[in-house]
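Peer 1: FYI, in full-length UniProt numbering the residues of the sequence shown are 1 to 521. Every residue, glycine too, gets a C-beta built ideally from N, C-alpha and C.
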Amino acid sequence: MAVSWCGWLLPVSACDLVLGALLQRSAWFLSLGWGSLLGCWLGGLLRLALLSSLVLSLDLVSSSGGRGRGWQRLLFAVCVCLLVPLYGSVRLLLSDTQALISIPGCWALLHALSAFAIIAGETLFPTDFEQLRPERPSAPGQTSDKDTAKATLGRLLSYSRPDAIPLSGAFIFLTLAVIGEMFGPYYTGRVIDVLSAHYDQQIFMTAISCMFLTSMGSSIAAGLRGGLFMLTLSRFVKRLRGQLFGSIVHQEIAFFESTRTGDITSRLSTDTTLMSRSVALNINVLLRSLVKTIGILSFMFSLSWQLTLLTLIETPLTAIIQKLYNQYHQKLLTQVQDSIAYSSELAAETVSGIRTVRSFAMEDKEFGLYQDRLMDTQKLKNKRDLIRAVYLLCLKHVQLLTQVLMLYFGQNLIQTGHMTSGRLIAFILYQMDLGRYVQTLVHIYSEMTHSVGAAEKVFEFLDRVPTVPTNGTRAPEMLSGHVQFIDVSFSYPSRPSVPVLKKVSFELRPGEITALVGASG
């Protein structure tokens, strides 16, 4: 194992040390200043690009036993190339100095520590990352789940074409509402600066008036946006349920024998609602969060780029926590919905067949079965709530840590004269909104994926062609009421191996009542 590690660590380390020495003596980098933050970042990125090419080459020429370590080599390259620039950026947040590490032999020490950390991590937590790669389609014509989801989402959006006018109006009012909301914290900071410094009546009234007008306009636009989206939601649900019910009632009788009643009613009620939420609600929230995230970042950079870089640390952590939560939450949500559907199906079957249940005195047994289904649902809900509690706890800790660090660095900027108290308060207000909207972006993507799964089930019923068409137009000129069956055999589609009728022949004459008597089932 040590030989295999040395086989790629030594070449990569030696190559990086040579590149660093050449860059330090380069005339171009001497003009930028190798010890400056800009020169350090440019040199680190250039070294990272060259080392990444070397890493990919080593991964391609390595034997089958050495494959799968490309991620370790790439991580090592990132550490040795970007740790020093990151250190300089963090140090610049704490003070105005841009002096970087100048200890003799620091580069060799950095390589040794990075190699030790990666080797220790692989030894303590061995993981075959090749197994985590998504599987590719086995056949050339086979499509992946992602392509199927995109196609389903595109078809889902095509169903909202009749609502193009209200949707366009809703998107316009959404943009206006978001723009008005983004100016609120900015003018709040302006008002605080006016009150804390030399008071100026004209500047104060201007800031108050602008804040009032933007808030009022944003509220009106938000109300119109919500009303148009709700109108689109109701129209979409009505249109979709009508088409789905029309497709279901024209299916052959065998379809209803093989498909549970609970599944059909679930498609008509739950799944159509989820599909409508993708168009009317999820896209509304997605666009609102995306536009506001971009606008908030712009305002934050204009207020303080140092604090903005610090705040961006929270964004990937929040996204990772939200993504992990979505994976477990969606699985549990599907299990809860299936459990509720099973309970509803059992209750419907018991109520519809209450005469049979009463005749066999099976009331207590049916009650016990229903209680077991309810208990299974309750266990799944408890597990779902526990995971949500852990998720919220982790999220709050990340937000609290970011706010504490931001306040600490913010007071340093105020003391050095780089920021005012009002601008810091405005920045804090923007930062609180930024984390929430990033969390919403990750969550809404999972919601849209889940609604696409529900749409696939609905489209399956919509696209189903009945095996026995019911749209025939031929009819006899005269009906006498005389029907004759000769050698009729029949079995239910759910039990094709159990014959119900075997070559039965009988005749139905007008004016007579004929009964077909046999064993039940």
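#1: In chain order, which continuous runs of the alpha helix (DSSP H) of length 4 or greater are located wholly inside the region 326-411?
#2: Once you ignore the five residues that flank Leu310 on each side, which residues in its own chain have a CB closer than 8 Å to its CB?
#3: Rank Leu441, Pro166, Gly217 and Leu244 by C-alpha distance to the C-alpha of Val285 and give the top, closest one.
#4: Could you check where the beta strand (DSSP E) with Val504 kicks off and where it finishes?
#5: Could you tell me if Leu10 is buried or exposed, where buried requires 16 or more neighbouring beta carbons within 10 angstroms of its beta carbon?
#6: Among Arg155, Gly217, Ala49 and Leu86, whose alpha-carbon lies nearest the alpha-carbon of Glu456?
#7: For chain B, check one thing: does any of its Cβ atoms lie closer than 8 Å to the Cβ of Leu45?
#8: When burial is assigned at 16 or more other CB atoms within 10 Å of the CB, is Leu392 buried or exposed?
#9: Whether or not the region 248-260 and the region 490-500 are in contact is what I'm after, with contact meaning three or more pairs of Cβ atoms, one per stretch, closer than 8 Å; do they touch?
#10: Report buried or exposed for Phe76, applying the criterion of at least 16 other Cβ atoms within 10 angstroms of its Cβ.
#11: Excluding the five sequence neighbours on either side, which residues of its own chain have a C-beta within less than 6 Å of the C-beta of Gly217, listed in chain order?
#12: Could you check where the beta strand (DSSP E) with Gln484 kicks off and where it finishes?
#13: Considering only their Cβ atoms, is the gap separating Leu167 from Thr232 smaller than 8 Å?
#14: Using only the alpha-carbon positions, how far apart do Gly417 and Leu424 sit?
#15: Below 6 Å CB to CB, which residues in the same chain sit around Ala99 once its five sequence neighbours on both sides are set aside?
#16: Is there contact here, the region 206-226 with the region 238-258, by at least three beta-carbon pairs under 8 Å?
#17: For Leu508, does the count of other Cβ atoms within 10 angstroms reach 16, so buried, or fall short, so exposed?
#18: If you draw a straight line from the C-alpha of Tyr159 to the C-alpha of Phe236, how long is it?
#19: Which class does Tyr159 belong to by DSSP, given the choice of helix, strand or coil?
#20: Could you tell me the alpha carbon to alpha carbon distance between Gln202 and Arg190, rounded to whole angstroms?
#21: For a test of the three-state rule: what should DSSP assign to Ser168, helix, strand or coil?
#22: Can you give me the C-alpha to C-alpha distance between Ala170 and Leu317, rounded to a whole angstrom?
#23: Identify which residue in Gly226, Pro476, Arg277 and Gln251 has its Cα closest to the Cα of Thr467.
#24: In whole angstroms, give me the CA-to-CA distance for Ile387 and Leu332.
#25: Classify Pro469 as buried or exposed, calling it buried when 16 or more other Cβ atoms lie within 10 Å of its own Cβ.
#26: Out of curiosity, what's the CA-to-CA distance linking Ala164 and Ile513?
#27: Note down the Cα distance separating Val178 from Thr293, rounded to an integer number of angstroms.
#28: By the 10 Å Cβ neighbour count, where 16 or more other Cβ atoms means buried, how is Ile283 classified, buried or exposed?
#29: Please classify Gln415: is it buried, with 16 or more other beta-carbons within 10 angstroms of its beta-carbon, or exposed?
#30: Mapping the DSSP letters down to three states, classify Pro496 as helix, strand or coil.
#31: Using the Cα positions of Leu19 and Pro85, report the straight-line distance between them to the nearest angstrom.
#32: Report back the beta-carbon spacing between Thr272 and Leu240 to the nearest angstrom; my notes put them in contact at under 8 Å.
#33: Secondary structure at His443, three-state DSSP: helix, strand or coil?
#34: Would you kindly work out how many angstroms separate the C-alpha atoms of residue 559 and Phe229, rounded to a whole number?
#35: Considering only residues of the same chain and omitting the five flanking positions on each side of Met275, which have a CB-CB separation below 7 Å?
Peer 2: According to the structure shown:
#1: 354-359
#2: Leu93, Thr402, Leu405, Met406 and Phe409
#3: Leu441
#4: Leu501 to Leu508
#5: exposed
#6: Arg155
#7: Checking the listed chains, one finds no chain B in this structure; it contains a single protein chain.
#8: exposed
#9: yes
#10: buried
#11: Gly180
#12: Val483 to Phe490
#13: yes
#14: 12 Å
#15: Residue placement at Ala99 is poorly supported in this model, since its pLDDT is 49, which falls under 50; the coordinates still yield a value, given next. Closer than 6 Å at the Cβ level, and outside the excluded window around Ala99, lies no residue.
#16: no
#17: exposed
#18: 8 Å
#19: coil
#20: 12 Å
#21: helix
#22: 32 Å
#23: Gln251
#24: 10 Å
#25: exposed
#26: 58 Å
#27: 10 Å
#28: buried
#29: exposed
#30: coil
#31: 16 Å
#32: 5 Å
#33: helix
#34: A question about residue 559 goes unanswered here, because the residues of the chain that appear run from 1 up to 521.
#35: Leu156, Leu240, Ser451, Ala454, Ala455 and Val458
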